[in-house]
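Numbering (our numbering), first residue to last: 362 to 544.
What follows is the structure, encoded as structure tokens:
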């Protein structure tokens with residue numbers, strides 16, 4: 362809860378990846394709020410006075426996931442809304458802005474994004490969604506302590522750099538610091 366709020370304000374890419382992880386965590390615990398609190402939340406809390414706030418946050422997420430019918434797959438509407446904003450920003454940076462650095466970063470990452478799309482079951486996703494799913498896959502591989510080849514690491518790195526750039530630009534846009542026509 363507090364982590365999600367902090368990430369949402371500071372780094373939108375980290376926020377989305379964190380929420381992907383929380384959605385999967387809720388699914389892994391079969392939407393059992395008490396197990397999530399006792400087995401996952403409480404062991405991580407240095408101060409148990411926050412348990413009730415976490416309980417309410419997870420309860421709300423569980424309710425949203427169930428009402429949005431994403432018990433097995435999919436993402437919360439709030440997360441998808443941010444992905445849409447990032448996709449619009451991506452298109453704006455490619456087509457309307459004078460941000461040549463973004464264009465170069467995108468050109469560098471595009472072959473890797475396309476390859477990931479071909480190898481995944483995400484054929485209907487746009488470039489931004491594919492970037493997030495690729496980075497989430499990398500996170501899962503790391504958590505499972507699976508080895509990542511140098512070639513795959515190179516692909517992840519190109520995608521990570523692009524994602525970091527768009528996350529920084531998103532923060533600038535949200536704060537009003539971004540002028541698309543003067544970049």
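Beta carbons are placed, not taken as given, at the ideal position from N, Cα and C, and that holds for glycine.
Cβ-Cβ distance between residue i and residue j below 8 Å
i, j, result
"residue 403", "residue 412", "yes"
"residue 527", "residue 455", "no"
"residue 426", "residue 387", "yes"
"residue 490", "residue 444", "yes"
"residue 422", "residue 373", "no"
"residue 416", "residue 434", "no"
"residue 474", "residue 492", "yes"
Residue i - DSSP class collapsed to helix/strand/coil
i, result
"residue 472", "helix"
"residue 532", "helix"
"residue 415", "helix"
"residue 483", "coil"
"residue 508", "coil"
"residue 556", "Only positions 362 to 544 of the chain appear in the structure, and residue 556 is not among them; the question remains open."
"residue 390", "coil"
Quiz item: Should the segment 376 to 389 be called in touch with the segment 489 to 501, which here means at least 3 C-beta pairs below 8 Å?
Solution: The answer is yes - the segment 489 to 501 touches the segment 376 to 389, with three or more Cβ pairs under 8 Å.
Self-check item: Entirely enclosed beta strand (DSSP E) segments - the segment 415 to 450, minimum 3 residues
Solution: Qualifying beta strand (DSSP E) stretches: none in this window.
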